[in-house]
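Numbering-wise (this note's numbering), the sequence shown opens with residue 1237 and increments by one.
Where is the CB? At the ideal position from N, CA and C, for every residue including glycine.
If you're wondering where the values come from, they're calculated on a predicted model, not measured in any experiment.
Reading through the structure tokens given below for one structure.
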Amino acid sequence: MTTQVRPYRGTDEAGLVRLWNASMIYDRINVTVLRTRVLLDPNLHPDTLLVAADNGGAPAGFVLAIRRRVPLFLQGLEPELGWITAFGVLPERRRQGIGRRLFAAALDRLAAAGCRTVLIAPYTPNYFIPGVDPDAYPEAMKFLEKLGWEQQAAPVSMRAELTGFQIPLEVEALAQRLSSEGIEIRPVTAADLPDLMPFIAETFSWDWYRFAQEYLLELFGRGADDLCFLVAVQGGRIVGYCQQRRERFGPFGVHPSLRNQGIGRVLLFRCLADMLTKGFHCAWFLWTGRDAARLYEMAGFHTVRRFAVMRYVVP
Ligand SMILES: CC(C)(COP(=O)(O)OP(=O)(O)OC[C@H]1O[C@@H](n2cnc3c(N)ncnc32)[C@H](O)[C@@H]1OP(=O)(O)O)[C@@H](O)C(=O)NCCC(=O)NCCS
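In structure tokens form, the structure reads like this:
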């Protein structure tokens, strides 16, 4: 039987979703997710969503590789970067060289298009997980190490129970102190937008801009009661913000010149308290570094998954 590595075809849809869910068992999807976050991603090129299939048969392995074909706002095309955001081989077809062939084909195509560094998997906006979860996918870690990939970062995903959540007295006192120093933390208004959007793009990133824009389009468009968007304002200028929709918290950030004064803590605790009043009894997010994790721990968050962001440098 010959197993062919070839680009994805429309008729592979059901087989690919089955394969994805049988291999990326902690990160299952349905056809809607495949259609909206993969097939309708303007950066998807059919040449780099590859499947390995026996003649006429359903896919036994796949790899989803991406490079930017449209710029992410002013962050541009990042032409030297490529990403692999998902991959897997059916359990009964592992250790037959299928993963190796899929990766060789995907990396060849990315390299031919000019990518020098390939990352698993922090591709914005349509990443599924920040990197490989070594607890969920130990085989993937062994496979990638064998193929010459190295770990670049180790973000974590965290979650907090909100049942009974209260803002501690010291955080209330902190909010009062900030207020006496002219720093107010309050829900966003439309009047904040001219200052807020450039603040986010310049202080953080175009990806955070995109993320904030998505929630604000809902808030100021048809209206939304499942999200909270707070700003910290000093002397009429935005100095921090925080966003949440349903159980998903973040991102949130404070201007670098005003960090370590408790603004982030007040934003976080106020937002969590607001979430509980809306009926959300837990809060989670997918991705933070070690420093911010300490702040989250103060609010009762604990690590639920860890990830290895993996990097491959094209030789
Ligand atoms: C990771 C994965 C795709 C590997 O696919 P595969 O087809 O079995 O890989 P290959 O047969 O091409 O392996 C290539 C080499 O990687 C190494 N390797 C692969 N799996 C390994 C394992 N379980 N233990 C040790 N080494 C392994 C071996 O050196 C292997 O070569 P060898 O068999 O000649 O020794 C597969 O294990 C899988 O689907 N895992 C679950 C899905 C997943 O983790 N996805 C990533 C989520 S971020």
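Of the residues the options, which one's Cα is nearest the Cα of residue i?
i            : options                : result
residue 1260 : 1359, 1375, 1340, 1279 : 1375
residue 1366 : 1543, 1547, 1269       : 1543
residue 1372 : 1528, 1431, 1264, 1283 : 1264
residue 1320 : 1332, 1514, 1279       : 1279
residue 1421 : 1392, 1401, 1519, 1476 : 1476
residue 1379 : 1336, 1242, 1353, 1439 : 1336
residue 1532 : 1508, 1514, 1241       : 1508
residue 1304 : 1353, 1341, 1333       : 1353
residue 1498 : 1419, 1384, 1246       : 1419
residue 1273 : 1391, 1364, 1525, 1243 : 1364
residue 1547 : 1240, 1510, 1343       : 1343
residue 1271 : 1246, 1397, 1262       : 1246
residue 1300 : 1388, 1291, 1310, 1283 : 1283
Given the structure, does residue i come close to ligand 2, in the sense that its CB is under 7 Å from one of the ligand's heavy atoms?
i            : result
residue 1240 : You won't find ligand 2 in this model; what it holds is ligand 1.
Spell out the partners DSSP gives residue i in its beta bridges.
i            : result
residue 1477 : 1467, 1489
residue 1394 : 1521, 1539
residue 1334 : In DSSP, residue 1334 forms no bridge with anything.
In three-state DSSP terms, what is residue i?
i            : result
residue 1376 : helix
residue 1548 : strand
residue 1369 : coil
residue 1441 : coil
residue 1357 : coil
residue 1509 : helix
residue 1424 : coil
residue 1240 : strand
residue 1388 : strand
residue 1301 : strand
residue 1502 : helix
residue 1430 : helix
residue 1308 : coil
residue 1404 : coil
residue 1321 : strand
Would you kindly check if the distance between the Cβ of residue j and the Cβ of residue i is under 8 Å?
i            : j            : result
residue 1325 : residue 1296 : yes
residue 1338 : residue 1289 : no
residue 1312 : residue 1351 : no
residue 1502 : residue 1410 : yes
residue 1521 : residue 1486 : yes
residue 1396 : residue 1519 : yes
residue 1241 : residue 1286 : yes
residue 1482 : residue 1462 : yes
residue 1489 : residue 1440 : yes
Consider the Cβ of residue i: report whether some Cβ of chain B lies at a distance smaller than 8 Å.
i            : result
residue 1333 : The structure shown contains no chain B, having only a single protein chain.
Practice task
Can you check the segment 1249–1293 for any alpha helix (DSSP H) of at least 4 residues that lies completely inside it and give the ranges in chain order?
Solution key: 1249–1259
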